[in-house]
Each structure stands twice: as C-alpha cells, then as structure tokens.
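Visitor: Note that the sequence shown covers residues -24 to -1, 1 to 366 in mature numbering (1 follows the signal peptide of the UniProt record, and there is no 0). A virtual CB, placed ideally from N, CA and C, is assigned to each residue, including glycine.
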Amino acid sequence: MPNSSNSPLRLLQWTVICLFVVSGVQLKIRRNAQTFAQGSETTTPENNIPMRQGSPFKIALFADLHFGEDAWMNWGPIQDMNSVKVMSTVLDKEDPDFVIYLGDVITANNIMIKNASLYWDQAVSPTRAKGIPWASVFGNHDDAPFEWPMEWFSATGIPQLHCPAPTTSDAGGEDCSFRGTTRLELMKSETEHNTLSHSVNGPQNLWPSVSNYVLKLSSSSDSEAAVAYMYFFDSGGGSYPEVISSAQVKWFQQKYSEVNPDARVPEIIFWHIPSKAYKKVAPSFVAHNHCIGSIFMEDVATQEAEMGIMKVLEERPSIKAVFVGHNHGLDWCCPYKKLWLCFARHTGYGGYGNWSRGARVLEINQQPFSLKSWIRMEDGKVHSEVLLSS
Ligand SMILES: [Zn+2]
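1. When burial is assigned at 16 or more other CB atoms within 10 Å of the CB, is residue 4 buried or exposed?
2. Given that a residue counts as buried once 16 or more other Cβ atoms are within 10 Å of its Cβ, and exposed if not, what is residue 157?
3. In terms of alpha-carbon separation, which member of 282, 166, 179 lies closest to residue 218?
4. Please list, following the chain, all residues that have a C-beta closer than 5 angstroms to any non-hydrogen atom of ligand 1.
5. Determine the extent of the beta strand (DSSP E) in which residue 159 is found, giving its start and end residues.
6. Within a Cβ cutoff of 7 angstroms, which residues of the same chain sit near residue 189, ignoring the five residues on either side of it in sequence?
7. With three or more C-beta pairs closer than 8 angstroms as the rule, is the region 328 to 343 touching the region 275 to 295?
8. Using C-beta distances below 7 angstroms, list every residue in its chain close to residue 160, excluding the 5 sequence neighbours before and after it, in chain order.
9. Below 8 angstroms CB to CB, which residues in the same chain sit around residue 167 once its five sequence neighbours on both sides are set aside?
10. Kindly indicate the opening and closing residues of the beta strand (DSSP E) around residue 204.
11. Over what stretch of residues does the beta strand (DSSP E) that includes residue 81 continue unbroken?
12. Could you check whether the region 243 to 251 touches the region 105 to 118, counting it as contact only if at least three pairs of C-beta atoms, one from each stretch, sit closer than 8 angstroms?
13. With a CB to CB cut of under 6 angstroms and the five nearest residues on each side skipped, what residues in its chain are close to residue 311?
14. If we ignore side chains and look at the alpha-carbon of each, how far apart do residue 238 and residue 30 end up?
15. From residue 62 to residue 112, what does the alpha carbon distance come to, in whole angstroms?
16. Just to confirm before moving on: does the CB-CB distance between residue 135 and residue 49 stay below 9 angstroms?
17. With DSSP as the reference, label residue 289 as helix, strand or coil.
18. Considering only their Cβ atoms, is the gap separating residue 331 from residue 259 smaller than 9 angstroms?
19. Taking DSSP's pairing of strands, which residues face residue 297 in a bridge?
20. Who are the near neighbours of residue 324 in its chain, counting only those whose CB is closer than 6 angstroms to its CB and skipping five residues on each side?
21. If residue 196 and residue 353 are in contact, beta carbons under 8 angstroms, what's the gap, nearest whole angstrom?
22. Starting from residue 335 and walking both ways along the alpha helix (DSSP H), at which residues does that stretch end?
23. Who are residue 189's beta bridge partners in DSSP?
24. Tell me the residue span of the beta strand (DSSP E) that contains residue 358.
25. Based on the DSSP secondary-structure assignment, which residues constitute the bridge partners of residue 282?
26. Please identify the residue among 216, 180, 302, 227 whose C-alpha is closest to the C-alpha of residue 82.
27. When the Cα atoms are used, what is the spatial distance from residue 90 to residue 73?
28. Under 8 angstroms by Cβ, that's how I've got residue 297 and residue 364 pegged, so tell me the actual separation to the nearest angstrom.
29. Does DSSP classify residue 348 as helix, strand or coil?
30. Using 10 angstroms around the beta-carbon of residue -4, count the other beta-carbons present and answer buried if the total reaches 16, otherwise exposed.
31. Is residue 308 helix, strand or coil when you go by DSSP?
32. Could you say which of 345, 280, 97 lies nearest to residue 164 if we only look at CA atoms?
33. Verify whether the separation of the beta carbon atoms of residue 273 and residue 317 is less than 9 angstroms.
34. Per DSSP, what are the beta-bridge partners of residue 24 in this structure?
35. Going along the chain, which unbroken runs of the alpha helix (DSSP H) with 4 or more residues stay wholly within the region 31 to 81?
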C-alpha cells in the first residue's frame, strides 16, 4: 500500500517540474509552429507544415505510451519516467521535424483524477521541450472508463489515494474522480495549451470520433505546393466501439476531393487500431512474406467492424501507407495491394508486453518523392528499414 510521504506522487510532480523547466529553456532554441508560413485560407499555420530547405522531412511515431497506469503504486510513475526516456532518446538520435502520437497516449481506465490531461501533458512534454511540432490521434485507452481493481474490494481495501489537482502541485483527495476525461476535453486541453500542437477536434458531425483532420506537408519554397497530405482518423474504442464510421469515410472522400482531387499528391494515413486488412497480410510465424519488421509476436487485434474505409484507400492511387499502433508485439510493414500497411513500434513502458521499446521513423523526400521508414530503439539501434514509396 502506498505511504503518504512515499514516492508515486513525488515522482510524478518531479517529472512534471523537470520537463517544464527544460521546455522553457529549449523552446527558444528551436524552430516552432509560429515560424510556419502564412498562406491562403486553405493553408493556415495550423494545417500546413513546410519542409525545411534542403533536407528530408522526418517524423517520429510515438505509439502506445499508456501514461498514468497504476498511479496508486510506485511502479506506475516509474514506467512513465522510462517512457519519457525512450522518447527523449529517439528525439535526440533522430532530430525529427514532426512527431505523431498514435493513440493510447494514456491509460484512462487507470486514472482517478478529474483531468487526465495532466498525464497527456507529461506524454507530450519531451516533444514540446525540444520545440518540435506534433499531432495526435486517439486510441482505445485514452477515454476508457475507470476500471475498479477487484482487490480494492478485498480485505486490503482501497489504497490511500492521493489525487493531484491538475493545475497545482498540491495533493488532495478531494480531486479524485472516477468519471474520466472525454476525448473532446483531452483534445481541447492539448490544442489550447500548446502552440506546437497541430491536432484538431474534428468536425462535430463525426462524433463520437474526434481526432479526424488533415495536414499538408508543403514545399520549403512554396507553402501552396503540397508534398504530401497526412490524414488522421479516430479509430474509436474506449467510450464507444472500435470502428471507423461511414460518416468518417464520407468526410475523407469530401476532404480529398477538396485538397487533392486528381490524386496527384501522395497521401499517408494514421490511426490507432488496425483494420481487418492487416489480418489478411499478417505474416505467419514461419513465413514473413514480403513483410519487413522485427517482432511478429501476436495476432492482429482489429477494429470491431468496417464501414468501407479500406475499400476507398485501396482504390485511391495516391495512398502510400497506413500506420497504426495498438498491437504492442507487432512492428512490421507489409505490402497490401498498391499500398503498405505498417505498425508503429511500442514506445511506452506502460501497456502490456516487455518487448524493448522504440519508435517508427518516417522520412519523406520531396524531389523526387520518396517515403522511407525504419525503427529506432531505446538503446539507439536502428532496424527494419523499408522503402514504402519512390
Ligand atoms: Zn496500447
């Protein structure tokens, strides 16, 4: 049972304080969102990300961080500090231009404070500290309802809980809450408090899915010239079923007709839970077919149902690849029809599985266009390099 003067809360507070201090210093050093080119109505600093002159555009995918797990025990906050270390290592080694948080940023079913954004904020802190812009999508754990541990109802009872208020460092049981933080609240908090965040609370007609939006990667010399479009989808889970809805499919079709009607510009897709097509191409333990990866340890855990998104993606020639998280024991990329289906790499110490942690990295070249990827591990090693489009 945790002791009131003992470490979980202290560790949590200390991590937050350290990250804020570092972020204050480094924000001034590096490029940030404020330097993005001003453009027309369709090219705003929020939805347009210009490439840097003379260098490829590099993206790090941070998947399944699962912050806030078992916060009532010592090891929960320690796991979160380890996840911060993994992210910092990847950011130091790769120096990416952009980061994508690919869902399951937090484990909401373990979080007993009013505002789970406190944990979300810790997860984005290493990226913010380096002044790197980012975007995020939701996974199935980000707004999952609190799950009461059965042992709390046994003789040992509920542990002595210390729930910090989100805006102060004071501990206080009065701030404990088991009602959870909604997707809308989490996204609102991320976007309102972070100028570097390019995430968007998507159109209201797509609710309850929230993280639906498109970002344009533009040429370093002309912010109107698109190099690639990146589409972000909420694949559900948590407070509602794991699915990409018909409404989201329609939204996608409207969006690409608007921004890329002739499919001339390459397009890349990001969401959290693999679609059923991943199961079709999943390599067996003996044969890895044309797949590139290093861990093939699980069956694909797919979305519960499909409402047509894959059909649209398959038929659209500009779609180069789909990137998902969710399965912590898979990190492969497999060819599927004319595109690639890829897993990220489990980045967080939270969540199931003890496979060593890392992050998938993407590299986009403008002239001629190419999309490359590899995995950077927490010990600095690199593997599974693959050319996804050229
Ligand atoms: Zn996960």
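Guide: Let me lay it out:
1. Residue placement at residue 4 cannot be trusted, given a pLDDT of 31 that sits under 50; what the coordinates show is reported in the next sentence. The residue in question, residue 4, is exposed, as its Cβ has fewer than 16 Cβ neighbours within 10 Å.
2. buried
3. 282
4. 40, 80, 327
5. Careful: residue 159 lies outside any beta strand (DSSP E), inside the alpha helix (DSSP H) at 159 to 169.
6. 176, 178, 208
7. no
8. 177, 186
9. 173, 175, 176, 177
10. 202 to 208
11. Run containing residue 81: none; DSSP gives neither H nor E here.
12. Contact between the region 243 to 251 and the region 105 to 118 is established, with three or more Cβ pairs separated by less than 8 angstroms.
13. 266
14. About 27 angstroms.
15. Going from the Cα of residue 62 to the Cα of residue 112 covers about 18 angstroms.
16. yes
17. helix
18. no
19. 244, 316
20. 40, 41, 42, 59
21. So it is not a contact: roughly 30 angstroms between Cβ atoms.
22. From DSSP, residue 335 is part of no alpha helix (DSSP H) but of the beta strand (DSSP E) over 334 to 341.
23. DSSP output for residue 189 lists 208 as bridge partner(s).
24. 358 to 365
25. 220
26. 302
27. 33 angstroms
28. About 5 angstroms separates the two Cβ atoms, so the contact holds.
29. Secondary structure of residue 348 (DSSP, three-state): strand.
30. With a pLDDT of only 37 at residue -4, under 50, the local geometry of the prediction cannot be trusted, and the value read off the model is given with reservation. When all chains shown are included, residue -4 counts as exposed.
31. In the displayed model, residue 308 falls within coil according to three-state DSSP, outside both helix and strand.
32. Selected option, being the one with the closest Cα: 97.
33. no
34. Beta-bridge pairing links residue 24 to 192.
35. 51 to 70
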